[in-house]
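Yeah, the sequence shown ends on 1286 if you go by our numbering, and it's all consecutive. Here's the structure we're looking at; comments come further down.
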Amino acid sequence: MKPSLQSLLFLLACAAFGPPRIALAQTCNQASTRSYRNDTGTTDVEKRTATETILGTSFTAGSYLSGAAGASTTASTTNDIYTLSSTYAAQIDGRALIWRQNNSTQTFANTTANNGTNNLSTPMRATVTLTFTREVSNLKFRVQDIDKGNLNSPGGLGGGSDYTDEFGLYALRADGTTRVPLTAGDVVLGSNNTNAFVAGQTIDGLTHDVVRGTALNGTTTAPSLAGDVTITFAAPVKSVRLTFRNLNTYQGTTTRLQTIGIEEISWCAQADVTTTITAPTATLYAGQPTGNYTATFSNNGPDAANNVTRRVTLPASATATGAQLPTGATTTIANGITTINFGTAATVAANGSSSFQFSYTAPNTAATYVVQSNVGTDAGQTPNTLPDQATVNAVVNPAADVVTTLATAQTSVLSGANITYTATVTNNGPSAANGLVPQVQLPAGLTTAAFSNLSGGTYNNSTGIVTFQAITLNSGGTQTYPITFVAPNYTTTINGVASSTATTFDANAANNNGTSNAGPTNAQVQTTVTLPLNGCTGTAYSGTASSGLYAEYYRGYFADNLSFFANNTPGITRTDGTLNFPASNSWGNLLPTASNSVDDPDQYSARYRGSITIPTAGQYTFYLNSDDASYLWLDGAALAATPTLASASINNSGAHAPVTKSVTLNLSAGSHNVLIYYGEQAGGNILTFTYNAGGASAAVQPIVPNSVLCATLSNVPPLAVGNTNVAIPNNAGQTTLSPSLAGTDQDGTVTNYAIVTLPTAAQGVLRLADGTAVTQNQVITAAQAAGLTFQPTFGSVPGNVTFTFSAIDNAGQYSNEVATYTIPVIASADVTTTLAGPAVLNAGQPSGNFTATFTNNGPNQANGVTQQVTIPAGATNVLVNGVAFTPTNNVIDFATLSSSTLASGATNTFTYSFTVPNTTGTVMQNSTVTTTTSQGPNSLTDTANLTSTIKAVADVATTITPSASSVANGQTASFTVTLANNGPSSAAGVVGTVQLPIGLAGVNITGFGAGTATYNSATGVVTYPTVTYASGTTNTSTISFTMPANGSATGTASISTTTSEAGQTANDVASATINGRSVFDVTTRISGPATTVAGTLTTYSVLTTNNGPSTAANISQTVKLPINLTNVFVSNGGTYDASNGVVTFPNLPSLANGIVVNNTISFMAPTLIAPAVDFPLSATVAASGDSNTNNNTAYLNGSATP
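Here it is, written out as structure tokens:
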């Protein structure tokens, strides 16, 4: 209670907007609330007209009325009706919107209305109308301080006057005429019994439902919340007229002010959620994924909608995977029905919406289904003008999945064999496959007659397609179609491809059709048709020996131009078993080489090559029946690049109807070449090749069978050619005949010879190169004939020796005639000499004894014999047989000591010595013997050479010492090298080298070699100047360098001299290693003679070295030699590839630091080789992780270039 006189204050107290909350759980899950309890706004102008919006609904306060005169016209702040004022804030709970009415005794400054009038008998009242933008449900007011007081209230709490507060409500529906009444059940009165509900009171002629004060509530400055009243309308309301009045008349003399407060207004929030769903345009098929559906969930307001559920129900038996749903969507399945839940939206603003795309897998049963989207919300939807669900029909069409396969067990067959292909169709789809028509694509031109089983299908000879009858194949059904046909009489590859079509949609068309690019391989088979070998050998036209005739088919008619085939390229090549084409459709598929059709090809030509085997020599007749032209050539004439008409055995030329022409020939047993030309211009196309033997009737013309035809070259008999050998002395041993046996062969080679007669035993023996005696009628190979030898009987009577032979060609055919080979034999002797003595000579010292022998090995006496020895220049004090002898020009001639004849078997022996010249080097002595008698093969040498070395002996040596056993990588390390001559003689041409890792940095040489020795970074070699070392000379050199980045460093010191060391070379090489971080450097070196002589065994040494400092792993070693060497010997299991000249040694699993692996390669030199010029020799090593690959290749003897 807030007492004052003659004035009423109507307070609407309100606070700031808050979030929607539930007001009446049973009917309103989402409320819109305007609370004024803690409003902090500033003073408003009088008669406040305001529009307030909560969520999407607004209301406007207006239509102000007052019972106080002038209240509607004055602008005075004391006459405000509906305003916020802090003046009265303490008189109610919280801030107040003041609704004031004036006592009539109050004088208004700006008007004369009511001036002097107190209206003692007029109840005071004030009215405001709240109008909503829509009908609102559950409209509720919470009102404070509706009470009753009187003048004599204890403690003066009546405020100086009697009063009774009455708060009336007049509510209307949206039609503006229908009143919404209140009942006692709609009003919750104050708990302190200070007010009461009264229905049906008339105010200003309108029926109001009111709440009246019945007792005093609180104090003047502190109204009690226990007196608060809550009023709720059960029906929707569009506008409500609020009237506050005092039922008592004024009493007393004090100005009065009376207020109530509307603390809160709320109503049900109203939204209108709806949904739509659209289906994909693509057709739906049973059991198949659908296209994208779009479900949209919207709120058409006017308020926001809370807890909006969004779901879609799929057809029964339809399924959805996570991949078919948008992120966050989930599914539940109940009774076979899948529901997609897109999640509950906490709030959807008015006019807000969300859309989701999804797909699913259609049911397996074709039918029309319904897909339904559903939306729900906690917000009220009365009136719910838009639907909360939407449906779309899903018309699911039948879908099959026909899988077509083709199988055969016959991937390779001979011509004439039965081939069976089995096509199988299986329906893996959910629906029956209607109108299913399987097909198998085979080669065209097989002819219907070739098929013994078509499983009810038909074969089209022009297309090669086997088509089966249309069927309906139920889901899960399988049907097989075996096809059996005879393989054609020519070589070919038969490709079978199965496919099928159906009127029912196929969900996986890729497995229906083996002809498509992506066709499954199990719908394609292949069978290779070959002809029997039938023992055919020789050069095959097709590359592989076979029976039949090699056939080449060309585009165009050759029109009797015999060079046509040599100047054109065939479009089709195959091997035909026989030439038996009695009808136009019997050729197989010659398209597109031929024109027109498979059944009647035109404008093509054919060449057939091979041979025919004649089992028995005799007379044979051959026939060519053709439409159009055909020709036959046999034997050598068949081998011409362009045959001639004159050499043709059959000439059936010209374009004509079927004509048969023949030829009768005498043929020897064996193989004979065959060449047949054929051409088709237009019309019929026929070709048959027949024969008979032994004068048989012309009526008997069997097709030349496959069993006697070979698609290989045959041969013409060879010719044996006689020769005369060079004269052979009768003391000769096994002597190779020269020239060799000879023969010619027009179409091949002579591969063998038959020895028909032999020389007599008194004349000598004919032998093979290996010494085996040849027997009469023995067949030897051409290679053996090239090495055929004759050894005269020792001392036999001179004269001509003969034997006869036949030539045999590569087909095993003998020459028609034998040839005679003549060998003249003459008398002979065979003188020889030997020379022996010391190999090493010391300058100026006695040589020791040398022995020269001169022998005649007969068989006859040697006449006019000379015997001489040439000794080194400068030799003195010559003794022969112990007697002083004066040579002439360094030649000792033994003529004065022996006869000029030397009997068979006799030997002359002489000894001699001399003082060695005071020089050094190599000297050669030779003894020679000559005779005027023929020596025939002169099997023993007539000259003997003896090489001796005159030399001083020196002993060069080297040592190498590391500065430390290990040095940190990147730091300076050094080796100390000594180069010495231990004597006793001076060492000339001394060369000192140190092999270091290649690419070392900071190399510095001090001591010996400073400024003259060089380090080659590319090879890692330090080379000292070449000098002469006197006996006892020692030079010391220090080589410092920066340790490599990782690994160790190995130094290998080497010293050599041109002065002989007498084998003391063990101290010529020394090595030392300085360990560092893990690195290694493998290198190689190849050394050996720079030149060699044909027929001598040449050896090269290949060193593989790891310069470290770490162990290298998996090292490959190769050497490049000339190609096509023979007698190559490679150490340690290495191999030599003659085609590229590469020697490959086995990989070394590991090679420790400083280890040197020595491999050797030897071969018999075929020609003079200068590797540095004509035949570069190089050695190469390789190992993964090698720190320096620049030294992985070495050239001969350390050369820097090939």
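Idealized CB from N, CA, C, for every residue including glycine. Bear in mind the structure is a predicted one, so any value in this text is a computation, not a measurement.
task = Would you list the one or two residues that DSSP bridges to Ile1199?
result = Leu1232
inquiry  = For the beta strand (DSSP E) containing Ala838, name the first residue and the last one.
reply    = Counting along the chain, the beta strand (DSSP E) containing Ala838 begins and ends at Val834 to Ile839.
inquiry  = Within a Cβ cutoff of 6 Å, which residues of the same chain sit near Ser1234, ignoring the five residues on either side of it in sequence?
reply    = Thr1195 and Ala1197
request  = Pick helix, strand or coil for Phe773, following the three-state DSSP scheme.
outcome  = strand
request  = Just the C-alpha distance for Ala621 and Ala903, rounded to the nearest angstrom, thanks.
outcome  = Per the sequence shown, the amino acid found at residue 621 is Thr instead of Ala. One C-alpha to the other measures close to 28 Å.
inquiry  = So, at 8 Å on beta carbons, what are the nonlocal neighbours of Leu1205 in its own chain, with the 5 sequence-adjacent residues on each side left out?
reply    = Val1212, Tyr1220, Gly1225, Val1226, Val1227, Ile1245, Phe1247, Phe1259 and Leu1261
ask   = Nearest-angstrom Cα distance between Val1106 and Gly932?
value = 44 Å
request  = Kindly provide the ranges of any alpha helix (DSSP H) runs that are 4 or more residues long and lie completely inside the region 721-779, ordered along the chain.
outcome  = If you keep only unbroken alpha helix (DSSP H) runs of at least 4 residues inside the region 721-779, you get nothing at all.
Closest by C-alpha distance to Arg263, when choosing among Thr248, Asp293 and Gly269 = Out of Thr248, Asp293 and Gly269, Asp293 has the C-alpha closest to the C-alpha of Arg263.
message = In whole angstroms, give me the CA-to-CA distance for Ser1058 and Asn1190.
response = 18 Å
key: Selection from Leu1030, Asp712 and Thr1014 that minimises the alpha carbon distance to Leu1024   = Thr1014
message = Between the alpha carbons of Ala853 and Ala811, how many angstroms are there, rounded?
response = 19 Å
key: 6 Å Cβ shell around Thr475 - same chain, five flanking residues per side excluded   = Val454 and Gln456
request  = Measure the alpha-carbon distance for Ser88 versus Pro471 and round it to whole angstroms.
outcome  = Only weak support is given to the placement of Ser88: the predicted model assigns it a pLDDT of 33, under 50, and the question is left unresolved by the model.
inquiry  = Any contact between the region 521-530 and the region 493-504? By contact I mean 3 or more CB pairs, one from each, below 8 Å.
reply    = Between the region 521-530 and the region 493-504 there are fewer than three C-beta pairs closer than 8 Å, too few to call the two in contact.
message = Tell me the rounded alpha-carbon separation between Val1000 and Lys1035.
response = In a straight line, the C-alpha of Val1000 is about 11 Å away from that of Lys1035.
request  = Evaluate contact between the region 984-998 and the region 929-947, counting only Cβ atoms and requiring at least three cross-stretch pairs below 8 Å.
outcome  = yes
ask   = What's the call for Pro1046, buried or exposed, on a 16-neighbour Cβ count within 10 Å?
value = buried
Cutoff 6 Å; reference Ser438; Cβ partners in own chain excluding five residues on either side = Correct list, in chain order: Phe381.
message = How far does the beta strand (DSSP E) with Ala957 in it extend, from its first residue to its last?
response = Taken as a continuous stretch (DSSP letters only), Ala957 belongs to no beta strand (DSSP E), as it is neither H nor E.
key: Environment of Asn769 [buried if 16+ CB atoms lie within 10 Å]   = buried
task = Pick helix, strand or coil for Asn1276, following the three-state DSSP scheme.
result = coil
inquiry  = Could you give the first and the last residue of the continuous beta strand (DSSP E) run that contains Ala1064?
reply    = Thr1056 to Asn1065
task = Measure from the alpha carbon of Arg296 to the alpha carbon of each residue in Pro307, Phe251, Thr657 and Thr327, then state which is nearest.
result = With distances taken between Cα atoms, Arg296 lies closest to Phe251.
ask   = Whose C-beta lies closer than 8 Å to the C-beta of Ser584 among residues of the same chain, with five residues either side of it excluded?
value = The answer, listed in chain order, is Val486, Thr488, Val509, Leu520, Val521, Pro522, Gln523, Asn596 and Asn597.
query = Three-state secondary structure (DSSP) at Asp485?
reply = coil
request  = Just list the alpha helix (DSSP H) runs in the region 857-934, keeping only unbroken ones of 4 residues or longer that don't cross its boundaries, in chain order.
outcome  = 866-870
request  = Under 8 Å by Cβ, that's how I've got Gln1009 and Val975 pegged, so tell me the actual separation to the nearest angstrom.
outcome  = In fact, because the Cβ distance is near 11 Å, the residues do not count as touching under 8 Å.
ask   = Going by other Cβ atoms of all chains shown within 10 Å of its Cβ, with 16 needed for buried, is Phe552 buried or exposed?
value = Under this definition Phe552 is a buried residue.
message = Taking its Cβ as the centre, do 16 or more other Cβ atoms sit within 10 Å of Asp259, making it buried, or is it exposed?
response = exposed
request  = Work out the CA separation of Leu825 and Gly807 for me, nearest whole Å.
outcome  = In the sequence on display, residue 807 carries Asn and not Gly. Using only the alpha carbons, I get a separation of about 7 Å.
message = Let me make sure I understand the geometry here. Which of Leu751, Asn709 and Leu718 has the alpha-carbon closest to that of Thr700?
response = Leu751
request  = Below 8 Å on the Cβ atoms is my guess for Thr1188 versus Gln1201; work out the distance and round it to an integer in Å.
outcome  = 5 Å
query = Should Asp977 be labelled buried (16 or more other beta-carbon atoms within 10 Å of its own) or exposed?
reply = exposed
request  = Would you check if the region 382-393 and the region 429-448 touch, i.e. whether three or more CB-CB distances between them fall below 8 Å?
outcome  = yes
request  = Using alpha carbons as the reference points, say which of Pro956, His740, Pro399 and Pro604 lies closest to Leu925.
outcome  = Pro956
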